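*Asks:* Can you keep this structure in mind? I'll have questions shortly.
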Amino acid sequence: EQLLARYWGALGQLGRQHDAVGRRYLLTSSGTPESSELVTTWLSCLTGVALSEAELQPALRSGTLLCALANTLRPGVIPKVSSDEATRAMPESKANAKMRENISQYTDACAELGMHQRDLFVPDDLFEAKNMRAVLKNVEALSRLAHAVPGYVGPLIGKREKLTHKKAGPTAFQDPSPRSPRVILSGGGGVYQAPISGRR
């Protein structure tokens, strides 16, 4: 309940909306899904950090927010992360190496969670801002994987992703309950069986 309140509190601060029926799907202010805006909003909700599209690359560059995102969806999937505070105290070369390591750990976690290879990116796509489109595509793919996270009651965007594998065995992402109510995203974003316990 506290997490759910934080999600929608963040939405309110950002001026965003959710679908009126299930309070699960994020909508843009115009009601039309726009990939970069939805991805940025979804990131803000799950990390608790207000982000803008213009500031996205500097905010994600160290990899710490992305690691926090992965750990929110599956706690402990990235057990050790170099914090921003720690890297600021390091020589530049060492700090850069640690930040790239954070990014690599995040993409490794995405693969472990079942993400397709085509939706992963290399550290310099983000760290050097060489391909932010690939980074946005990756986070959007992760948001689709969130549909299958047991107990996840946060916001959703896009259609449900088909998992490539389930490395973690019985604790990996599983189908939501078939008894759950169906929620449809305005604008054709897809259908998700939202857990009843996630509504309020």
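For the sequence shown, UniProt numbering gives the first residue as 1, with consecutive numbering after it.
Every residue gets a Cβ at the ideal spot worked out from N, C-alpha and C, and that includes glycine.
Computed from a prediction, not measured in an experiment: that's the story for all the values here.
To the nearest angstrom, how far is it from the Cα of ALA54 to the Cα of THR47?
*Replies:* Their backbone Cα atoms lie some 17 Å apart in a straight line.
*Asks:* GLU92: buried (16+ other C-beta within 10 angstroms of its C-beta) or exposed?
*Replies:* Result: exposed.
*Asks:* For LEU145, list the residues DSSP reports as bridge partners.
*Replies:* In the DSSP output, where bridge partners are listed per residue, LEU145 has none listed.
*Asks:* Give every residue of the same chain whose Cβ lies closer than 8 Å to the Cβ of ASP125, excluding the five residues on either side of it in the sequence, and list them in chain order.
*Replies:* So the qualifying residues of the chain are ASN131, MET132, ALA134 and VAL135.
*Asks:* Taking only three categories from DSSP, how would you classify LEU113?
*Replies:* If DSSP states are grouped into helix, strand and coil, LEU113 belongs with coil.
*Asks:* Is it the case that the Cβ atoms of residue 210 and VAL122 are separated by a distance below 8 Å?
*Replies:* This structure gives no information on residue 210, because the portion of the chain shown stretches from 1 to 200.
*Asks:* Is the beta carbon of MET99 closer than 8 Å to that of SER62?
*Replies:* Yes, the pair counts as a contact, with Cβ atoms nearer than the cut-off.
*Asks:* Might you give, ordered along the chain, the residues of its own chain that have their beta carbon closer than 6 Å to the beta carbon of TYR152, omitting 5 neighbours on each side?
*Replies:* Closer than 6 Å at Cβ, skipping near neighbours: ALA146.
*Asks:* Could you check if GLY158 is buried or exposed, using at least 16 other CB atoms within 10 Å of its CB as the buried criterion?
*Replies:* So GLY158 ends up on the buried side.
*Asks:* Should VAL39 and GLU140 be called a contact, given that it needs their Cβ atoms to be closer than 8 Å?
*Replies:* Contact flag set, yes.
*Asks:* Between HIS116 and chain D, is there a C-beta pair that is closer than 8 Å?
*Replies:* In the displayed structure, chain D is absent; only one protein chain is listed.
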